[in-house]
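Asks: Sequences listed follow chains H and R, in order.
The opening residue of the first sequence carries number 125 in this note's numbering; numbering runs sequentially from there.
The opening residue of the second sequence carries number 125 in this note's numbering; numbering runs sequentially from there.
There are 2 protein chains.
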Amino acid sequence: MSAASRAKRFNGDAEVTVFERGSVISYGACGLPYVLGGAVDDWDSLIARTPEQMRGRGISVRLRHEVTGVDAGARTITVHDRDKGQTTQEPYDKLLIATGVSAIRPDWAQTELAGVHVLRTIPDGQAIEKSMRGAKRVCIVGGGYIGLELAENLCRQGLTVTMVERGPEIAGRTLDHPYQVQVRQEVERHSVEVRCNTNVTGLTGKGGRVTGVETDGGIIRADVVIVAVGVKPNVELLRAAGARLGKTGAASVNVRQETSVEGIYAAGDNCESIHRVTRRKVHIPLGLTANRMGRIAGVNMAGGDAKFPGVVGTGIFKVFGLGVARTGLTQTEAEGLGLDAVSVDVKSTDHAGYYADAQPIDVRLTAEKGTGRLLGAQLICPNHQSVKRVDVIAAHLHGRGKADDLFQMDLAYAPPFSGVWDVLLVAADKLMREV
Amino acid sequence: MSAASRAKRFNGDAEVTVFERGSVISYGACGLPYVLGGAVDDWDSLIARTPEQMRGRGISVRLRHEVTGVDAGARTITVHDRDKGQTTQEPYDKLLIATGVSAIRPDWAQTELAGVHVLRTIPDGQAIEKSMRGAKRVCIVGGGYIGLELAENLCRQGLTVTMVERGPEIAGRTLDHPYQVQVRQEVERHSVEVRCNTNVTGLTGKGGRVTGVETDGGIIRADVVIVAVGVKPNVELLRAAGARLGKTGAASVNVRQETSVEGIYAAGDNCESIHRVTRRKVHIPLGLTANRMGRIAGVNMAGGDAKFPGVVGTGIFKVFGLGVARTGLTQTEAEGLGLDAVSVDVKSTDHAGYYADAQPIDVRLTAEKGTGRLLGAQLICPNHQSVKRVDVIAAHLHGRGKADDLFQMDLAYAPPFSGVWDVLLVAADKLMREV
């Protein structure tokens with residue numbers, strides 16, 4: 125919908141039509157766990173723009189219309205009207221494939237049993253909400269962002285939560301080990317049972333409803349099972365159109381969001397992007413990136429010239445009483461890429477140490493040895509908002525700055541906001557001596 | 125003390141002696157209002173390093189020793205021991221003059237009456253605390269950072285506060301008019317009476333104690349009067365040494381914190397610094413700047429080579445339920461410097477709009493027309509911590525970045541932290557279309 129809006133705004137004469145398989149457009153997917161937990165009032169609150177609003181802008185929106193094929197030569201798509209059961213061919217001049225990602229359902233999760241869910245869409249969320257009624261035990265499979273946010277929000281509703289993670293720690297792909305441990309401890313402190321190094325092998329059920337999760341560590345009883353093991357890009361249409369996919373499995377696009385097929389664009393969670401720190405193609409499907417790509421595609425499709433700037437790998441989440449943020453590369457990631465990286469860890473307080481509500485904040489900064497180039501940061505703080513200062517590091521990574529440049533910055537100080545030396549400066553100071 | 129610590133750390137053989145006129149070293153002056161209000165437990169909490177700790181590092185600290193003269197030719201200083209009443213000459217190889225600033229006391233405030241105060245040091249704070257006992261009405265003269273922080277903290281203690289400001293609005297020197305108005309409204313909402321365009325002409329007293337403030341708008345009754353009309357650099361010793369002062373009246377130093385006199389350094393609130401946005405000399409005495417200058421002077425005095433990077437004019441304060449931040453230049457300041465500046469105003473929310481604790485946040489971004497160079501930002505939000513994102517703009521100003529570079533940034537998003545488009549991105553987007 126970002127693309128549609130931008131295209132129409134850029135060129136008022138453009139005829140813009142949106143085909144949506146489901147019944148909902150333009151919703152805040154990142155808010156889904158919070159409706160379940162009560163921090164967001166209702167599902168409708170997540171709707172950013174209704175079909176009526178879009179139509180008011182002169183954009184045609186066809187709900188429950190699934191695009192099932194693309195003929196790039198003839199510049200037509202095949203559209204299936206799910207209500208009328210009719211299939212038609214529709215012409216296009218420029219086509220955007222913004223099919224996003226789907227939640228992965230491993231073989232064991234391909235089940236008819238009630239009470240087994242993924243969380244990707246509003247209907248998914250509504251189904252979980254319904255399943256939760258009368259339920260006592262929830263098993264969340266997967267310890268990434270979504271699993272962690274779900275754990276918090278379902279605990280808030282009084283459910284007993286077990287989290288199963290295949291890897292040795294939760295939050296494994298986004299943080300270095302000491303930070304993973306802090307996240308696990310926080311989750312455990314809130315009575316979530318965390319089972320790492322555990323593989324799910326199947327489900328148990330009774331009367332058509334799930335009763336447990338079979339693992340290589342035994343059966344975990346559960347009235348509700350949520351599968352949060354990751355996402356995969358929806359690339360069927362891209363394949364049908366003959367568009368190239370990248371090594372990550374997502375759509376390969378240039379900075380204008382053009383695919384390898386003339387006239388066909390891709391934008392959003394189904395696309396790769398360029399990582400500005402590593403200069404490699406990555407697939408990191410997140411809200412801001414998707415929105416930004418959409419806007420850029422829209423402008424270009426309408427005759428403009430906009431370019432996607434790349435990402436620096438910024439991510440942030442709240443889990444119970446902790447804010448956790450990262451940007452750039454972790455030490456583990458940097459080493460995995462063959463970089464000669466060094467990290468420093470700093471413990472400080474988010475506000476002046478003597479100020480009433482000061483909380484401990486941990487920062488890890490990572491830089492390249494020799495060059496001193498900053499590579500990344502990780503932050504953890506019980507005052508969750510305080511880790512939003514990760515944005516300062518993200519800004520610095522955009523400019524490919526060094527640790528000592530970071531240390532030079534005139535950051536804001538007053539006791540209710542930080543120490544005289546903001547923890548980022550403290551960490552940069554320490555890092556300067558290591559690179 | 126930053127200089128002393130750094131010098132000793134850089135060169136363990138250096139003989140470092142600190143002469144302090146008063147009885148306290150190394151305290152967090154910015155925390156003074158918060159001890160009065162109760163957000164900081166006690167005065168001792170503000171002490172960062174004690175003389176004993178410094179001595180433990182091999183630094184000699186002589187309290188109640190006032191340096192009264194400098195002979196730059198002979199490389200000696202005249203030191204007056206205030207307890208013994210003795211005056212001696214002490215030799216130096218390198219001399220740092222870190223005499224800071226004093227609170228300005230206009231003629232009418234040069235009084236013998238009890239209950240009239242400034243707030244600059246811990247003894248000042250302790251005197252105010254004593255005056256507050258049994259007091260009901262406080263008059264704060266001056267509507268800058270300190271006056272505003274005092275207003276909040278004294279209100280918290282149940283005192284009735286009147287604020288007198290000579291100019292047309294409070295927070296006048298740091299913010300553009302719409303932001304000044306928001307600050308005044310917030311202060312008034314908390315029952316502080318604000319009298320702008322009001323000049324103080326004298327004081328009234330009875331039995332040796334102040335009873336009111338005489339103004340050109342009538343007498344304001346007060347049991348306690350706090351004068352917070354600004355500070356002036358303490359430059360007597362610099363003058364005595366023959367060191368050059370800048371146009372601002374503060375010490376003129378180079379990036380190594382060297383004065384115009386060989387072997388004599390200056391650092392801290394008594395110094396000018398370079399503003400990276402305007403490339404002009406400014407005198408903006410703030411905690412981080414002072415600390416940073418001290419470290420740099422210390423390294424250089426001990427034989428190293430460190431350079432002060434300049435400031436970008438970042439400031440932040442909390443007043444009642446508002447966080448207020450600024451960096452770079454305001455529209456008013458930019459125009460005053462003859463720049464062709466344009467500002468945009470954006471209202472958004474600090475967290476995702478649908479998230480439970482989202483608060484409105486206002487951002488003004490200012491850029492140079494034609495070049496698109498970002499000049500500054502102002503932020504206001506009832507969730508005071510949310511304005512700390514001013515640091516992202518400060519980081520961007522360090523790199524002399526443009527509005528469109530800011531818009532490109534991969535900033536952190538999850539509903540408890542921001543909207544998908546962080547308000548800074550929203551503002552940059554709007555600004556791009558104006559420059």
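Ideal placement from N, C-alpha and C gives every residue a C-beta, glycine not left out.
Kindly provide the ranges of any alpha helix (DSSP H) runs that are 4 or more residues long and lie completely inside the region 227-294 of chain H, ordered along the chain.
Replies: Counting only runs of 4 or more, we get 246-256 and 269-280.
Asks: Could you tell me whether the Cβ atoms of H:E338 and H:L327 are closer together than 8 Å?
Replies: Yes, Cβ-Cβ distance for H:E338 and H:L327 is below 8 Å.
Asks: By the DSSP assignment, the beta strand (DSSP E) with H:G336 in it spans what residues?
Replies: Element bounds for H:G336: R333 to T339.
Asks: Using the beta-carbon count (16 or more within 10 Å), is H:N321 buried or exposed?
Replies: Exposed.
Asks: Is it buried or exposed, R:T383, if we count other Cβ atoms within 10 angstroms and call 16 or more buried?
Replies: So R:T383 ends up on the buried side.
Asks: Going by C-alpha distance, which of R:V435, R:V436 and R:M417 is nearest R:D429?
Replies: Closest option to R:D429, Cα to Cα, is R:M417.
Asks: For H:Q306, which residues in the same chain have their Cβ closer than 6 Å to its Cβ, ignoring the five residues on either side in sequence?
Replies: Cβ neighbours of H:Q306 beyond the five flanking positions: I504.
Asks: Note down, in chain order, every chain H residue with its Cβ under 9 Å from the Cβ of R:T298.
Replies: Result: empty, since nearest Cβ-Cβ is about 12 Å, beyond 9 Å.
Asks: Could you check where the alpha helix (DSSP H) with H:L362 kicks off and where it finishes?
Replies: Taken as a continuous stretch (DSSP letters only), the alpha helix (DSSP H) holding H:L362 covers E360 to A365.
Asks: What does DSSP give as the partner residue(s) for H:G452 in the beta ladder?
Replies: Paired residue(s): H:G500.
Asks: Nearest by alpha-carbon distance to H:D217: which of H:P484, H:A374 and H:E386 is it?
Replies: The candidate whose alpha carbon is nearest that of H:D217 is H:E386.
Asks: Based on Cα-Cα distance, which residue from H:R380, H:L530, H:T235 and H:R513 lies nearest to H:Q502?
Replies: Of H:R380, H:L530, H:T235 and H:R513, the residue nearest in Cα terms is H:R513.
Asks: Residues bridged to H:V406 by DSSP?
Replies: In the DSSP output, where bridge partners are listed per residue, H:V406 has H:S397.
Asks: Would you kindly work out how many angstroms separate the C-alpha atoms of H:N415 and R:A519, rounded to a whole number?
Replies: Distance between the alpha carbons of H:N415 and R:A519: 24 Å.
Asks: What are the residues in the region 429-458 of chain H lying within 8 Å of chain R by C-beta distance?
Replies: Those residues of the region 429-458 of chain H that come within reach of chain R (Cβ to Cβ, closer than 8 Å) are P433, G434, V435, V436, G437, T438, G439, I440, F441, K442, G447, A449 and T451.
Asks: Run through the DSSP bridge pairs and tell me what R:T473 is partnered with.
Replies: Bridge partners of R:T473: R:P484.
Asks: DSSP three-state label for R:S315, please.
Replies: R:S315 falls in the coil class under three-state DSSP.
Asks: Please report how far the alpha carbon of R:A375 lies from the alpha carbon of R:R450, in whole angstroms.
Replies: Using only the alpha carbons, I get a separation of about 25 Å.
Asks: Measuring alpha carbon to alpha carbon, tell me which of R:D529, R:D168 and R:G268 ends up nearest R:V351.
Replies: Per the Cα distances, R:G268.
Asks: Counting only the same chain and skipping the five closest in sequence on each side, list residues whose C-beta sits under 6 Å from that of H:T335.
Replies: Here the set comprises T328 and G329.
Asks: Per DSSP, what kind of secondary structure is R:A491 in: helix, strand or coil?
Replies: Three-state result, R:A491: strand.
Asks: Hey, quick one: how far does the alpha helix (DSSP H) through R:Q177 stretch, first residue to last?
Replies: Looking at the DSSP string, the run of the alpha helix (DSSP H) that includes R:Q177 is P175 to G180.
Asks: Interface residues of chain H around R:F143 at Cβ under 7 Å?
Replies: Those within 7 Å of R:F143 in chain H number zero; the least Cβ separation is about 23 Å.
Asks: Quick check: what's the CA-CA separation for H:T325 versus R:F444?
Replies: Cα to Cα, H:T325 sits roughly 56 Å from R:F444.
Asks: I need the DSSP call for H:R186, collapsed to helix, strand or coil.
Replies: Looking at H:R186 - three-state DSSP - the assignment turns out to be strand.
Asks: For R:L489, which option in R:L555, R:R261 and R:D248 has the closest C-alpha, if you only look at C-alpha atoms?
Replies: For R:L489, the nearest C-alpha among the options comes from R:L555.
Asks: Within 8 Å (strictly less), CB to CB, does R:N415 reach chain H?
Replies: Yes, its Cβ sits closer than 8 Å to a Cβ of chain H.
Asks: Between R:G266, R:D165 and R:P215, which lies nearest to R:A196 when the distance is taken from Cα to Cα?
Replies: Comparing Cα-Cα distances from R:A196 to each of R:G266, R:D165 and R:P215, the minimum goes to R:P215.
Asks: Quick one: Cα of H:I228 to Cα of R:D486, how far?
Replies: In a straight line, the C-alpha of H:I228 is about 40 Å away from that of R:D486.
Asks: Let me know the secondary structure DSSP gives H:P357 once reduced to three states.
Replies: Strand at H:P357.
Asks: Whose Cβ in chain R lies nearer than 7 Å to the Cβ of H:G523?
Replies: Neighbours of H:G523 on chain R, chain order: G523.
Asks: Are any of the Cβ atoms in chain H nearer than 8 Å to that of R:R513?
Replies: Chain H contact via Cβ: present.
Asks: Enumerate in chain order the residues of its own chain whose CB-to-CB distance from H:K431 is below 8 Å, with the five nearest sequence positions on each side excluded.
Replies: The answer, listed in chain order, is V379, R380 and I420.
Asks: Counting only the same chain and skipping the five closest in sequence on each side, list residues whose C-beta sits under 8 Å from that of H:T211.
Replies: Here the set comprises T192, T202, V203, H204 and D205.
Asks: Taking the alpha-carbon positions, what's the H:Q532 to H:P157 distance?
Replies: Taking the straight line from one Cα to the other gives about 39 Å.
Asks: Anyone know if the C-beta pair for H:A127 and H:A391 falls short of 8 Å?
Replies: In this structure, H:A391 lies closer than 8 Å to H:A127 by Cβ.
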